[in-house]
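Here is the structure we will look at.
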Amino acid sequence: MPSDQPLAEFTAAYAPDDAALADELLASAALPPDREARIDAVATELISSIRGSEHGLGGVDAMLREFALSTKEGLALMVLAEALLRIPDAATADAFIEDKLGQGDFAHHRIKSDAVLVNASAWALGLSARLVHAGETPQGTLAALTRRIGAPAVRAATRQAMRLIGNHFVLGETIDSALARTKAHVREGSRYSYDMLGEGARTAEDAERYYQSYSDAITAIGRTSGNAALPARPGISVKLSALHPRFEAISRDRVMRELTPRLLELARLARSHGLAFTVDAEEADRLELSLEVFAACFADPSLSGWDGYGLAVQAYQKRAAAVIEYLAELANALDRRIMLRLVKGAYWDTEIKRAQERGLADYPVFTRKPMTDLNYLSCAGKLLSLRPRLFPQFASHNALTVATILELADGSEGYEFQRLHGMGEALYARLLAEHPQAVCRIYAPVGGHRDLLAYLVRRLLENGANSSFVAQAGDDNVPIAELLTRPAAQIGRPENARNPAIPLPRDLYQPQRLNSRGIEFGDRSALAALLGDIETARRPLPTIAAATPAQAAAAIAAARDGFETWSRTSADHRATILERAADLLEQRRAPLIALLQDEGGKTLDDCVAELREAIDYCRYYASEGRRLFAEPLALPGPTGERNTLGLRGRGVFVAISPWNFPLAIFLGQVTAALMAGNAVVAKPAEQTPVIAELAISLLHEAGVPRAALHLVQGDGRIGAALVEQPEVAGVVFTGSTEVARAINRTLAAKDGPIVPLIAETGGINAMIVDATALPEQVADDVVASAFRSAGQRCSALRLLCVQEDVADRVIAMIAGAARELRIGDPRDPATHVGPVIDAEAKARLDAHIARMKREARLHFAGTAPANGNFVAPHVFELSRASQLTEEVFGPILHVVRYKAAEFDDLLDDIAATGYALTLGVQSRIDDTVARVIARLPTGNVYVNRNIVGAVVGVQPFGGSGLSGTGPKAGGPQYLPRFALEQTVSINTAAAGGDAALLTGGG
6 MPSDQPLAEF
16 TAAYAPDDAA
26 LADELLASAA
36 LPPDREARID
46 AVATELISSI
56 RGSEHGLGGV
66 DAMLREFALS
76 TKEGLALMVL
86 AEALLRIPDA
96 ATADAFIEDK
106 LGQGDFAHHR
116 IKSDAVLVNA
126 SAWALGLSAR
136 LVHAGETPQG
146 TLAALTRRIG
156 APAVRAATRQ
166 AMRLIGNHFV
176 LGETIDSALA
186 RTKAHVREGS
196 RYSYDMLGEG
206 ARTAEDAERY
216 YQSYSDAITA
226 IGRTSGNAAL
236 PARPGISVKL
246 SALHPRFEAI
256 SRDRVMRELT
266 PRLLELARLA
276 RSHGLAFTVD
286 AEEADRLELS
296 LEVFAACFAD
306 PSLSGWDGYG
316 LAVQAYQKRA
326 AAVIEYLAEL
336 ANALDRRIML
346 RLVKGAYWDT
356 EIKRAQERGL
366 ADYPVFTRKP
376 MTDLNYLSCA
386 GKLLSLRPRL
396 FPQFASHNAL
406 TVATILELAD
416 GSEGYEFQRL
426 HGMGEALYAR
436 LLAEHPQAVC
446 RIYAPVGGHR
456 DLLAYLVRRL
466 LENGANSSFV
476 AQAGDDNVPI
486 AELLTRPAAQ
496 IGRPENARNP
506 AIPLPRDLYQ
516 PQRLNSRGIE
526 FGDRSALAAL
536 LGDIETARRP
546 LPTIAAATPA
556 QAAAAIAAAR
566 DGFETWSRTS
576 ADHRATILER
586 AADLLEQRRA
596 PLIALLQDEG
606 GKTLDDCVAE
616 LREAIDYCRY
626 YASEGRRLFA
636 EPLALPGPTG
646 ERNTLGLRGR
656 GVFVAISPWN
666 FPLAIFLGQV
676 TAALMAGNAV
686 VAKPAEQTPV
696 IAELAISLLH
706 EAGVPRAALH
716 LVQGDGRIGA
726 ALVEQPEVAG
736 VVFTGSTEVA
746 RAINRTLAAK
756 DGPIVPLIAE
766 TGGINAMIVD
776 ATALPEQVAD
786 DVVASAFRSA
796 GQRCSALRLL
806 CVQEDVADRV
816 IAMIAGAARE
826 LRIGDPRDPA
836 THVGPVIDAE
846 AKARLDAHIA
856 RMKREARLHF
866 AGTAPANGNF
876 VAPHVFELSR
886 ASQLTEEVFG
896 PILHVVRYKA
906 AEFDDLLDDI
916 AATGYALTLG
926 VQSRIDDTVA
936 RVIARLPTGN
946 VYVNRNIVGA
956 VVGVQPFGGS
966 GLSGTGPKAG
976 GPQYLPRFAL
986 EQTVSINTAA
996 AGGDAALLTG
1006 GG
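Taking our numbering, the leading residue of the sequence shown gets 6, the next gets one more, and so forth.
Written out as C-alpha cells, the structure reads:
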C-alpha cells in the first residue's frame, strides 16, 4: 500500500479569470525574431509535406476533412459511427441507417480525397443512400425491406463503412492483434502507447473487467517489449474512471480506499516489465481527486527507481501550469521522475456545459482555442525547463505547435512528440526525416468496434471542425501564412482572451436575469468552506404549532385587506423585491441547506439544486413580471382609437405546497402569485414547516408587506379550510392527484366567482430506451432519474421501457450502478440516497416492495440502514407497462421489455395511464423521437438525458391529464394565469378628430 508519508496537496483556483492568465501568457510568448523565423521555416516545411504527400493528410485526417462536422454528412457520420455497430437487431439498424443517411447527401457527395479509406467509406455510404430513397419513412422502408433485394446491402455497406473507419482509428480489436500489427514498426524503432478503449465504469463488474483488461495488456506488452530502456519502451494509458464506479469528488474517501490499491497493483505490474504507465486526464471536476490518487500511488516505496510512471495534463484547463508545477514539486520531494503527456483536451464542450449548469463563477477551461494553444506552448516551455525531473511528451498534430516546441528544445533531447494512430503521419514522417534527434510515440487505441464509439466521437469533435488545424492544413485554399499566425497574435490583448459568444455561467440568461450561483463539489476548498458554513449555521429544529380553522379564516380576511395596497404597487417595485429576495437566499444558503437536510432529509447536491431553483424562480418571475405587468399591451385597431390589454391581480391566492420541494416549489408558487399583484396565504406541507417559516421571513425582509403575505401552518384539514373561504380568488397547488380533485370539487361547490385552480400533480413517468441508445448513458440517466432524492420527485422515473434486444445488458448495468449508491445520513456529502420523508411514506413503500416481490421479477434490492426512514433502491421487472397503475413515490424502478415491432402498443400503454408529466426517450433515431412526441402529450419530454431537474425558464415544468392543469411553472405562460385581463378601448377622436392622423397625413 502507499506510504504514510504526508504529501503536499494540490491547490489552485478552480476557474481563474481569463484576462489575468492571458496577461501572464502574452508577456512571455514572444521569441527573438531569428527564432520565430526558424519556427516559420520548419512549420512551412511540415505543412508543405502534408499538402504534397501522395496520401495528403492520411487515413483518419482525410476522413475528418472529407466529412467535416460543418456538413450534414459529417454530423450524420458521427452519429452513425457512435451507435451503429452496437445495434444488435436488423430492424432497428435499418431504421437508424435510413434516418441518418437521409440527413446528408451521401448519394451525391463529391469525393475530394484520394485516400483509400475515404474512397471506400464514401462509396459505401453513397451506395446506401441511393438504396434508401428520399421521402421514405423508416416504417415504409422496413415494410419493403423484405421485398427489396438491395435492402440488406444498405445495412452491409453502411456497417462496412463504419468498420473501415474504425479500423483506421483503432490499432487492433485485442491487445494481441495490436501488438502483432506494430511488431515491424517497433523493430524499426517506433514507440507506442496503448490505450484500452472503454467507457468509465458504472458497476463493480465494469471496474473489474477494465482492471483485468489493463492487467492482461500490461503483461502482453511486457512480453513483447524488447530490451530498450525507458523512455524508449512501450507504454499503456489507464483511465481512473474505468477502475472505479463512483470516481467522483464526493466519494473521495471511498475512492482513496478502493481505487488507490488497484492503481498501485497495475503500476507495480508495469514497473516489473519496465513499461511506461500513464494515468489519463479526466474532466475538470475530477482533477484534484485524480492528482490525489496519482500522488498516493507515486509515493509508494515499491515504485522507487522506476521512471515510467506518468500523467496526462490538459492545456485547455486553466490549472494546467499549476498541475505541472505541483508534479515537479512532488517528483523532487520523492526524488523520482515523472513522464508527463501534454494534450490540449477532449472534453471542452462538456466542461462549458457543466460550468453553465452548475452556476459556477467562471469556466475551468479556456473559451477560445488560441488561448489553449498559447497555454500549451507556455506549458511546453515549462516542461522543457523541468527536465530531467519531468519527461515531457508533447501530443499534437499542429505543425506550428510542433515547430515551436522543436525550437524551444533547441536541439536537446529528453522529450518526445506523440501522435494519434492514423493521424499526423505525413507531418511526423517529414519531421523525423529532417530532424533525426526528434522522437515520436504513437498513441494507439485498442478495443472492439463497440468500444470505439466514445473515443471516435471525441476525435471527431476535436479535429472535425472547419477551424481545426487538421481541417485547414490539408486545404490548399488556406494560405500557409494564415496557419502560421501565432496564438498570441490571435489573442492580441488580455481583454480578448474570453470568447464573447460564450457568456459567463452567471450571465447565461442575461439580459433578462442572473443565473443562480452554484458550487463545484470537485473544488476541494469551495466544498470545505460550504460544509463549514452549514455546520456553523445548523440549529435544533423548533416545534411549529398548527393553525386553527379560525386562524386560517382570519389570515384570508387579513390578506384581502392587504391586497388593495399591494396590487397598486408598480410591477417594477414588486420585481425589485423578488430580486432582493433572491439575493438574500444566496446570502443565507448555509442555514437554508442545513434546514433542507435536517427537516427535509435531502442530500447535499439536492439541497444546492433546490436552493438554486428557488432563487431562479424569484429572478425569473421578476423578469417576466416586468415584461407582462409593467405596461398594458398595445393592440391594433382603426385610426382614432387606442386599444390595450392589461393584467392585474385577482385578489387572495392560496398556495399549498408539498414536502418534497419545501423551498423551491413553496417559493415558486408564492412569488408567482405576488408578482401578479395578488395577496398570498401560504400553507406549506406539515412535514416541513420550519423551512417555510424561514422562506416567508426572507420575503418579508426583502420588502413584501406582511399584510400581503401570510403563512398558515397545518395539515390537509387546514388546507381544506383555506380553500373553502369565500374570498379566495385562486388556488395554486402541488401534490397528489387525489387532493387536487378534492380542491377542485370544493372550489366548484362554492357560490360566487369561478376561481382558477393551478395544479401540478404526479405521474407514472416513463423512459423509452431503444437499441441505438448508449447503455452507459442510459444507466447514468436512469439512476439519476429513479433514485436521486430517494425517488421523491414528481418528475422521477417510475417505468423504464427497454427494447428486448438490449434489455439484459441495460438492466444489468442499471442494477449494478444502483448497487454502488450510498444510502445514509443526508448530511454526509458522500450520501447519494437519503431517507424518505416520514414513517408513513416508508411503510407505504415497504408494502409496495413486498407486493412486487410476489408479483414481479426482482433485479435489484438495495440494503437500507436499519434505523431511520430509509428505503433502498429496488428494480422490478413487470410483464407489461399497464401493470403499473399508480404513482409509487420512492426509489422503486419498474422495468418492462418491448419488441421493436410492438412499439406502438407500448406507446398506447403509456398513454392509457392518463398521466402526462415527464417522459424520457433514449434513441439515436430522430424519427423515433418524433413519433413518441407526436403520440404522447406529455408535459416535459427529455431526449437522451435524465428526466429530473427541470430548470426554471429553460424547461418549464408541468403536465396535463392526471398530472395537472397547467400552465407550466417557470414558463412564460405561468404568471398570466394568476392575473385578471382587462381590455381598455379609448376613442381618441372623441374630442373632434384624430390629431395624430391629421398632423402626420402629409
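All C-beta atoms, glycine included, are put in the ideal place defined by N, C-alpha and C. Source: prediction; values computed, not measured.
Would you kindly check if the distance between the Cβ of residue j and the Cβ of residue i is under 8 Å?
i	j	result
V675	A564	no
A687	L716	yes
A677	Y626	yes
L727	A557	yes
Q477	P375	no
H864	V838	no
S800	I952	yes
A408	V348	no
Y368	A17	no
Check residue i in the structure and name its three-state DSSP category.
i	result
P554	helix
F399	strand
S990	strand
S702	helix
D1038	In the structure as shown, the chain starts at 6 and stops at 1007, and residue 1038 therefore has no counterpart that could be examined.
C799	coil
Y314	strand
E646	strand
I828	strand
Y321	coil
E882	strand
L12	coil
Y216	helix
E418	coil
H249	coil
R152	The predicted model places R152 with a pLDDT of 37, which falls under 50 and marks its position as unreliable, so this point remains unresolved.
H715	strand
How is the alpha helix (DSSP H) around residue i delimited, first residue to last?
i	result
C445	No alpha helix (DSSP H) holds C445; the beta strand (DSSP E) holding it covers C445 to V451.
Q361	W353 to R363
C612	L609 to F634
F299	L292 to F303
Contact check, residue i vs residue j under 8 Å by CB: the rounded distance?
i	j	result
V876	D843	Going by Cβ atoms, the distance from V876 to D843 rounds to 12 Å, so no, they are not a contact pair.
L802	L883	L802 to L883, Cβ: 14 Å. No contact.
A791	V841	Contact doesn't hold; Cβ gap of about 14 Å is too wide.
Y219	M201	6 Å
L245	V298	6 Å
I661	G740	7 Å
R940	D914	Not quite, the Cβ-Cβ distance comes to about 11 Å (not below 8 Å), so this is no contact.
Span of the beta strand (DSSP E) holding residue i?
i	result
Q442	First-last for Q442: undefined, no H or E at that position.
V901	I897 to Y903
T208	Unbroken run through T208: none, as it is neither H nor E.
Q927	T923 to Q927
I343	I343 to V348
I773	A771 to V774
A866	R862 to A866
Y947	N945 to V948
Under the DSSP definition of a beta bridge, which residues are partnered with residue i?
i	result
S242	D200 and T283
T739	E765
K688	I661
G654	A984
N501	None; N501 has no bridge partner.
S965	A921
Q423	A400 and R446
A639	T649
C384	The partner list for C384 (beta bridge, DSSP) is empty, contrary to what the question assumes.
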